[in-house]
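What the sequence shown shows, in this note's numbering, is residues 2 to 367, in sequence order.
In this text, a Cβ means the ideal position worked out from N, Cα and C, and glycines have one as well.
Since the structure comes first, as structure tokens, the remarks are kept for the end.
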Amino acid sequence: MSLRTTPPPRRLPLLVTADGDLLDELLRLAAAGGTEVELAADPAAARARWLPAPLVLIGHDQAQACLRARLPRRPRTVLVGRTGEIDPGWEIAELVGAEHVATLPAAEPWLVDRFTECHADAPLDRPARTVAVLGGRGGAGASVFAGGLAVTAARARLRTLLVDADPLGGGLDLVLGWEELDGLRWPALTDADGRVDAPALVRALPSRGDLVVLSWDRGDLLALPAQAMAATVDAGRRGRDFVVVDVPRQLDEAAVVALQAADQAYLVVPAELRAAAAAARVVAAAAPHCAALGVIVRGPAPGRLKAVEVARALGLPLAGTLRPEPALCRGLERGEAPAAGGRGPLATLCRRLVGELTGLPVPGAA
Ligand SMILES: Nc1ncnc2c1ncn2[C@@H]1O[C@H](COP(=O)(O)OP(=O)(O)OP(=O)(O)O)[C@@H](O)[C@H]1O
Ligand SMILES: [Mg+2]
């Protein structure tokens, strides 16, 4: 088993500038705020780290380039430059989606405070562990596994958000047996534009105990804007302890955002030859967006294909295995949430994974 057990790498503020003097100044302020930073000379270099970064500073020299690159809107983005370079700067800030214009030197103390907030030891709550789940083929068991992880985390008293990113999935609330629960579903939130208020979001969603769910419904099929996903995952990372996103195999922009935001992604693959072949295609599309991707192999294995062979064929670490669980299937049909009783192969695997991801003990059977 080669799943990473150390905490995921810390996400650092991102500076987008090719202006050497401005860079020196910002590095000095970041050091004063006690944090390291990531550097990108232009939007192309910034793209992969754009959404996951806890803070993005766009140098005045790259504002137009960022605008042309059509990077998605994201919260906590600041346009920065010296007096005379960006005054007043609001018009371009608005266009690139920056919430603030920081004019140096006046804004130095304010910027140091922003950097301090990103420091690992800052007195902020640490962002929620974020997990993405996707299936190697249709019906692989990904949504059930995502539900099991979320239920298990909530049983461990982690404030958990489960996000349904699959518009064609029929609604993840159904996997939990929550379809009758009141609360907002995605269609009411698809115009979220980067200003989702975490506590308000949580209050508006269907919930039970420590678990809240943002699900699709059974209404008209809608596209999920990437900004809505970015804002939701960001709200989850700030306002919850554990976030699970059920990602479709056909990656749309919102799915890519979710993968990029996740500390860990899991690919669920049935132990069958054709499933492994299909999963290879999913890996090719998804892996470039994942900080860490592990495979969960689900039995039965009609051809006796071993889990390690599936993982080796996909070139991924084996994160876990699931034995066949007919009782789970029956429970799902009755509207019982997966892993709710804390017993069985799915609950056991989810307990181990949530424990590894959070470093917290997770209780067993009820
Ligand atoms: N751990 C499991 N044990 C037994 N059966 C399972 C398990 N997980 C899933 N199933 C069965 O497989 C079916 C499909 O599962 P699920 O909806 O989670 O797959 P998926 O990968 O999300 O599929 P889709 O391609 O539709 O997104 C379930 O309805 C259930 O019958
Ligand atoms: Mg699914």
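Proximal residues to residue i (C-beta, below 6 Å), its chain only, five neighbours per side dropped
{"i": "Ile93", "result": "Ala64"}
{"i": "Glu39", "result": "Leu13, Leu15, Arg50"}
{"i": "Arg353", "result": "none"}
{"i": "Pro124", "result": "Note that Pro124 has pLDDT 39, beneath the 50 cutoff, so the model's placement of it is unreliable and no number is given."}
{"i": "Gly321", "result": "Ile297, Leu350"}
{"i": "Asp242", "result": "Ala129, Leu159, Arg160"}
{"i": "Thr153", "result": "Ala340, Cys351, Arg352, Val355"}
{"i": "Pro53", "result": "Arg12, Gln261, Ala262"}
Where the alpha helix (DSSP H) through residue i begins and ends
{"i": "Thr359", "result": "345–359"}
{"i": "Gln228", "result": "227–240"}
{"i": "Leu27", "result": "21–33"}
{"i": "Ile59", "result": "Careful: Ile59 lies outside any alpha helix (DSSP H), inside the beta strand (DSSP E) at 57–60."}
{"i": "Glu92", "result": "91–97"}
{"i": "Leu68", "result": "64–70"}
{"i": "Leu274", "result": "274–287"}
7 Å CB neighbourhood of residue i in its chain, flanking five on each side removed
{"i": "Val309", "result": "Leu319"}
{"i": "Asp183", "result": "Pro207"}
{"i": "Ala157", "result": "Val355, Leu361, Val363, Pro364"}
{"i": "Ala66", "result": "Asp43, Pro44"}
{"i": "Ala151", "result": "Thr161, Leu163, Leu212, Val245"}
{"i": "Arg250", "result": "Leu135, Gly136, Val283"}
{"i": "Ala279", "result": "Gly137, Arg138"}
Simplified DSSP state of residue i, which is helix, strand or coil
{"i": "Leu125", "result": "Unreliable placement is indicated for Leu125, whose pLDDT of 41 sits below 50; the coordinate value is still reported in the next sentence. In this structure, Leu125 counts as coil in the three-state DSSP scheme."}
{"i": "Val248", "result": "coil"}
{"i": "Arg130", "result": "strand"}
{"i": "Thr7", "result": "Note that Thr7 has pLDDT 36, beneath the 50 cutoff, so the model's placement of it is unreliable and the number below is only indicative. DSSP places Thr7 in coil when its eight states are reduced to three."}
{"i": "Thr153", "result": "helix"}
{"i": "Gly336", "result": "coil"}
{"i": "Thr117", "result": "helix"}
{"i": "Leu175", "result": "helix"}
{"i": "Val214", "result": "strand"}
{"i": "Ala41", "result": "strand"}
{"i": "Val363", "result": "coil"}
{"i": "Gly140", "result": "coil"}
{"i": "Gly304", "result": "coil"}
{"i": "Leu260", "result": "helix"}
{"i": "Ala320", "result": "strand"}
{"i": "Arg209", "result": "strand"}
{"i": "Leu112", "result": "helix"}
{"i": "Leu329", "result": "helix"}
{"i": "Leu135", "result": "strand"}
8 Å Cβ cutoff met for residue i and residue j
{"i": "Ala229", "j": "Ala255", "result": "yes"}
{"i": "Ala141", "j": "Pro271", "result": "yes"}
{"i": "Gly300", "j": "Leu315", "result": "no"}
{"i": "Gly170", "j": "Asp253", "result": "no"}
{"i": "Thr36", "j": "Val57", "result": "no"}
{"i": "Trp91", "j": "Val102", "result": "yes"}
{"i": "Thr359", "j": "Leu159", "result": "yes"}
{"i": "Val134", "j": "Val269", "result": "yes"}
{"i": "Ala276", "j": "Arg138", "result": "yes"}
{"i": "Asp165", "j": "Trp217", "result": "yes"}
{"i": "Ala143", "j": "Val245", "result": "no"}
{"i": "Gly172", "j": "Glu180", "result": "yes"}
{"i": "Ala266", "j": "Leu225", "result": "no"}
{"i": "Val214", "j": "Asp167", "result": "no"}
{"i": "Asp235", "j": "Arg130", "result": "no"}
{"i": "Leu23", "j": "Leu68", "result": "no"}
{"i": "Thr117", "j": "Thr104", "result": "no"}
{"i": "Gly60", "j": "Asp20", "result": "yes"}
{"i": "Ala205", "j": "Leu185", "result": "yes"}
{"i": "Leu72", "j": "Arg48", "result": "yes"}
{"i": "Gly377", "j": "Ala155", "result": "Residue 377 cannot be examined here, being either before or after the span of the chain that is shown, 2 to 367."}
{"i": "Pro76", "j": "Cys119", "result": "no"}
{"i": "Gly345", "j": "Glu326", "result": "yes"}
{"i": "Gly149", "j": "Val203", "result": "no"}
Own chain, CB closer than 8 Å to residue i, minus 5 neighbours either side, in chain order
{"i": "Val145", "result": "Val176, Leu329, Leu333, Pro339, Leu347"}
{"i": "Arg335", "result": "Gly178"}
{"i": "Leu274", "result": "Gly304, Leu306"}
{"i": "Asp221", "result": "Pro188"}
{"i": "Leu30", "result": "Glu109, Leu112, Val113, Phe116"}
{"i": "Glu337", "result": "Gly178"}
Limits of the unbroken beta strand (DSSP E) element including residue i
{"i": "Asp165", "result": "161–165"}
{"i": "Glu310", "result": "Where Glu310 is concerned, there is no enclosing beta strand (DSSP E), although the alpha helix (DSSP H) it sits in stretches over 308–315."}
{"i": "Thr78", "result": "78–83"}
{"i": "Ala266", "result": "265–271"}
{"i": "Leu294", "result": "294–299"}
{"i": "Ala103", "result": "101–105"}
{"i": "Leu16", "result": "15–17"}
Near ligand 3: residue i beta-carbon under 7 Å from a heavy atom
{"i": "Arg353", "result": "As presented, the structure is devoid of ligand 3, carrying ligand 1 and ligand 2 as its sole ligands."}
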